Structure formats: structure tokens, C-alpha cells
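Numbering (UniProt numbering), first residue to last: 1 to 213.
All residues carry an ideal CB built from backbone N, CA and C; glycine is no exception.
Keep in mind it's a predicted model, so treat the numbers as computed, not measured.
Before any comments, here is the structure.
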């Protein structure tokens, strides 16, 4: 379409009455499924945005094009199998009734998908060693660093995960550093109990070290 539109209303108004009715139905279904989405024009098509593009639609001579990104269409491949489709598009024939309930399902899926993406970005962390990881709990330890600490030669590998995290959060990664602490100081760390002391004493002893008196 050669004409440029500033809003969805002017876009829909440019078509014959029978097409306008179909587009209004599609528009209403999208807005019902994504009431918080922003309605705008992108790529010369009505577009709905919520944490990124959700869906687009456009009218052509014989069909309505509905675009819900490749992931949106892949998730509903079976339900859309009766329509001519592309990687991220589907064509609804103008002479057929729109599958409005299916459209709503797809839009809700896209809303959830975009919300999950934005949450994942918020949880992205970079540790002091430059490792990127997604924070999934209140644990401040990078899981990559934690895995590296599980090497057999490290005394930390013989401890439980909570005990390892407690020591690492205090910067205790070697027997030499551990020997600078008293036993009672170690026991005050969350995740370490009296059962942790024997293996720690043994690890220190192998290095000719001991807890601080």
C-alpha cells in the first residue's frame, strides 16, 4: 500500500466497508487480549506493542495478513494449519469469518512471551570474572564460578552447596584464607553447621594450617 498512515483508525478507514468491518473485529479481539498494549503504526501496518512488538495486521485484496512473529505462529501451528501461512504470518481469507478466539489466544501467548523475555533480561547478571548468568534466586554466587569451585582438588567441593556459597560470599576460596578465621566465626555463616567443621579442619591440616585461635 502506497499511502502512509499515522494511526490505526485512518488505516482501517481507507478500506471498503466490508473490509473495515473485518479489520475492526480483528482490532477489537487484539485489544481485548492485550488491553495494556500500545496501538501504533509500524511497517505501514497497525501494530500492538507491549515490551516489544506483539502482533501486526494488514489488509490485502483477498485476505487479511496477521503477523505474530515466528514464535507466535510456531506455537499455534496446528490450529493455523488450515490457512496459508509463512514463517511469521498467516492469511485469513476475506470471504471467511475470522477465527477471533484463536487470534486472542495467540495474542495472549505473545504478551506472556514478551513479559518472560523482559524478566529474563532483568535477571541477567555478570560476575566479577565476567561470566554472564541469569539470577534465579537470592543467591549472590555465579553458578559458573560455583561449578568451577567443585573441582576435586578444592576443599570446597566436599561441602554442601549452601556451605560453599556461604564461604565464597565471604571471599573464602582457599585453605590459606580459611585459616584466618576462628571456628566460631565460620559457624556464624548461614549454611555452615558443626558438621562442616571436621572436613574443614582436615583440609587445613593437609596444608599444615589450622583455624585461628
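- When the Cα atoms are used, residue 74 and residue 101 turn out to be separated by approximately 17 Å.
- For residue 178, the enclosing alpha helix (DSSP H) has its first and last residue at 175-178.
- Residue pairing for residue 92: DSSP places it in a beta bridge opposite 64.
- Secondary structure at residue 172: coil, using DSSP grouped into helix, strand and coil.
- Of all C-beta pairs linking the stretch 32-41 to the stretch 62-76, fewer than three are shorter than 8 Å, placing the two stretches out of contact.
- For residue 22, the closest alpha carbon among the candidates 61, 53, 52, 164 is that of 61.
- For residue 103, same chain residues with a beta-carbon under 6 Å away, outside a window of 5 residues either side, are 29 in chain order.
- DSSP, read as helix, strand or coil, puts residue 104 in helix.
- Secondary structure of residue 83 (DSSP, three-state): coil.
- If you draw a 10 Å sphere on the C-beta of residue 96, you find fewer than 16 other C-beta atoms in it, and that means exposed.
- With respect to the 8 Å criterion, residue 51 and residue 115 are classified as neighbours on the basis of their beta carbons.
- Between residue 209 and residue 175, the C-beta spacing is below 8 Å.
- Nearest C-alpha to residue 213 among 189, 25, 10, 185: 185.
- Between residue 91 and residue 84, the CB-CB gap stays under 8 Å.
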